[in-house]
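In the working numbering, the protein residues as written are 3 to 136.
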């Protein structure tokens, strides 16, 4: 950056403002593809973390391109997927105003660490909710 008062370039893209650390480590999926009723139920998304980047050398097979049948170096992203466990299923139904939740079915094999995250204060939570722990 120069020392002139008004002549310095932007520092980063305005789409990434405000530049600050996120409060939670996990992101969230804001959009899902349309559900196809002909297919059996399946995962539509799963959580991964960006572990880093590297490069690969690959052969290009694109007729008409300048790099056809040549080796090209390209950047690749390495993703890391933590182990996941299904803890519940949510049922939806189509209404005139959009999808509405019918109900949620929770698994019985959830761990204590998982259940602790659903209480603001685990020590003061209801004794009934923690009865499975004993």
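Every residue gets a Cβ at the ideal spot worked out from N, C-alpha and C, and that includes glycine.
* **residue 49 to residue 72 span [Cα, whole Å]** => So the two alpha carbons sit approximately 35 Å from each other.
* Asked: Relative to the ligand SAM, is the shortest distance from any of its heavy atoms to the C-beta of residue 82 smaller than 8 Å?
  -> Absent from the structure shown: the ligand SAM. Ligands present: none.
* To do: Measure the Cβ-Cβ separation of residue 80 and residue 106 and say whether it is below 9 Å.
  => Their beta carbons are not under 9 Å apart, which means residue 80 does not touch residue 106 by this criterion.
* How about the stretch 82 to 101 and the stretch 38 to 53: do they share at least three Cβ pairs that are nearer than 8 Å? -> Enough Cβ pairs lie closer than 8 Å, so yes.
* For residue 16, the three-state DSSP class (helix, strand or coil) -> It is helical.
* Could you tell me the distance, in whole angstroms, from the CA atom of residue 95 to the CA atom of residue 76? => Distance between the alpha carbons of residue 95 and residue 76 is about 44 Å.
* Whole alpha helix (DSSP H) runs in the stretch 42 to 80 with 4 or more residues, listed along the chain? -> Taking only runs of at least 4 residues, no alpha helix (DSSP H) segment lies wholly in the stretch 42 to 80.
* Short Cβ contact (9 Å threshold) for residue 93 with residue 104 -> One thing to note: residue 93 has its Cβ within 9 Å of the Cβ of residue 104.
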